[in-house]
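J.: Pasting a structure here, questions to come.
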Amino acid sequence: MSTDLTLSYATEFTGKVALVTGGASGIGLALSKRLAAGGAAVVVADYDEESARKAVAELTATGARAAAVRMDVTDPASVDAGVRFAVDTFGALHLAVNNAGIGGPAAPTGEYAVEDWNRVVATNLSGVFHSMRYEIPELLKTGGGAIVNISSILGTNGFAQSPAYVAAKHGVVGLTKTAALEYAAQNIRVNAVGPGFIDTPLLRNTDGPARDHLISLHPAGRLGTSEEVAELAAFLLSDRASFVHGSYHLVDGGYSAS
Ligand code: NDP
């Protein structure tokens, strides 16, 4: 594939259809907006259907093509139906961001509730598998495409009191590399993004000293923004990243450098 470096921000995704899981909030919403701003038709797939509809109303008000679908990434049938909705609505699928995720409660491994483990892994790891399981056959039909899986800085670092989240996010990195190997020759690029702590509704219950502690982990001296994550993911989805396959890219304010 040749790379057209003259593509502009406003047109780099023109003619592409993109699906964003968890696309109604935080990082997913910023990605939905960024892809729409680049000309993509965007399917906002979210557990929270009302928020997905609101996000779509915001996108279409800017002239973008967008549609909302309720999707529960823990349920393969729901993911299959959501991918089918994208193809039925816009005719194909070229780009996917597997972003839906939850934090889970804080507790050490020896006390972590089994049901919490199952819920976090079902959402943050199995959810990414289910998504790719149904997206990849559609990308193959269009001759290729690109997938970004949202992992975390905790896809490479440990973090006390978050065993399920950390294990799931490490798993996303391995799953990303494996799918990338399997489909690189068929023109599908699969990459992962590892954000540091980002100021989104996911951190809604983190304030005071706990928030200050999270900020202190980032040499940049602040939490990241959803838009900063979306920009890296957008690059990886674009043809500008045409030789980037199977890698894990951090956007973490320097967290991992220390
Ligand atoms: P948000 O909570 O703002 O957004 C996550 C979205 O995913 C919500 O709309 C949520 O819906 C949706 N969602 C949750 N469960 C499911 C499900 N089973 N099926 C479909 N959609 C679902 O979180 P962020 O934007 O912060 O997180 C996005 C991703 O980024 C996650 O994978 C997260 O782990 C990752 N990440 C976040 C970081 C951060 O510090 N914020 C740092 C590193 C990675 P609802 O609101 O109804 O639950």
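The numbering of the sequence shown is the working numbering, which starts it at 3 and goes up by one.
Here a beta-carbon is modelled for each residue, glycine too, at the ideal position from N, C-alpha and C.
Beta carbon of I200: closer than 6 Å to some heavy atom of ligand 1?
T.: Result yes, Cβ under 6 Å from ligand 1.
J.: What whole-angstrom Cβ distance do A54 and G25 have, given they're in contact under 8 Å?
T.: Contact flag correct, Cβ pair sits at about 7 Å.
J.: When you compare the region 24-38 with the region 224-239, are there three or more beta-carbon pairs, one atom per stretch, that lie closer than 8 Å?
T.: Yes, the region 24-38 is in contact with the region 224-239.
J.: How about I152 and V195: do their beta carbons lie closer than 7 Å?
T.: For I152 and V195, yes; Cβs fall inside 7 Å.
J.: Could you tell me whether any non-hydrogen atom of ligand 1 is closer than 6 Å to the CB of D74?
T.: Yes, since a heavy atom of ligand 1 falls inside the 6 Å radius drawn around the Cβ of D74.
J.: Under 6 Å from any heavy atom of ligand 1, does the C-beta of G24 make it?
T.: Yes, ligand 1 has a heavy atom inside 6 Å of this Cβ.
J.: Would F92 be called buried (16 or more neighbouring beta carbons within 10 Å of its own) or exposed?
T.: By the neighbour-count rule (16 or more Cβ atoms within 10 Å), F92 is buried.
J.: Please state whether DSSP places H301 in a helix, a strand or coil.
T.: Because the chain spans 3 through 260 in this model, residue 301 falls outside it and cannot be assessed.
J.: Please confirm whether V58 and V22 have their CB atoms less than 7 Å apart.
T.: Not in contact: V58 and V22 (Cβ atoms no closer than 7 Å).
J.: Taking D74 as the reference, which of A162, E51, A186 has the closest Cα?
T.: Among A162, E51, A186, the Cα nearest to that of D74 is on E51.
J.: Are L225 and Y257 touching if we call contact CB-CB under 7 Å?
T.: No, Cβ-Cβ distance for L225 and Y257 is not below 7 Å.
J.: Under 7 Å between the Cβ atoms of T76 and I104?
T.: In this structure, I104 does not lie closer than 7 Å to T76 by Cβ.
J.: Count the other C-beta atoms from every protein chain shown that fall within 10 angstroms of the C-beta of F15, then say buried if there are 16 or more, exposed otherwise.
T.: With 16 or more Cβ atoms within 10 Å of its Cβ, F15 is classed as buried.
J.: Below 7 Å between beta carbons: does that hold for G146 and N189?
T.: Yes, they are a contact pair.
J.: How would you label E113, buried or exposed, when you count the other beta carbons within 10 angstroms and need 16 or more for buried?
T.: Classification of E113: exposed, given that the 10 Å Cβ count is below 16.
J.: Got a sec? Which residues, its chain only, sit under 6 Å from A20 by beta carbon, not counting five neighbours each side?
T.: So the qualifying residues of the chain are L37, A42, V44, L97.
J.: Is T125 close to ligand 1? I mean its beta-carbon at under 6 Å from any heavy atom of the ligand.
T.: Because some heavy atom of ligand 1 lies under 6 Å away, the Cβ of T125 counts as near it: yes.
J.: Counting only the same chain and skipping the five closest in sequence on each side, list residues whose C-beta sits under 8 Å from that of D209.
T.: So the list is empty, once near-sequence residues are dropped.
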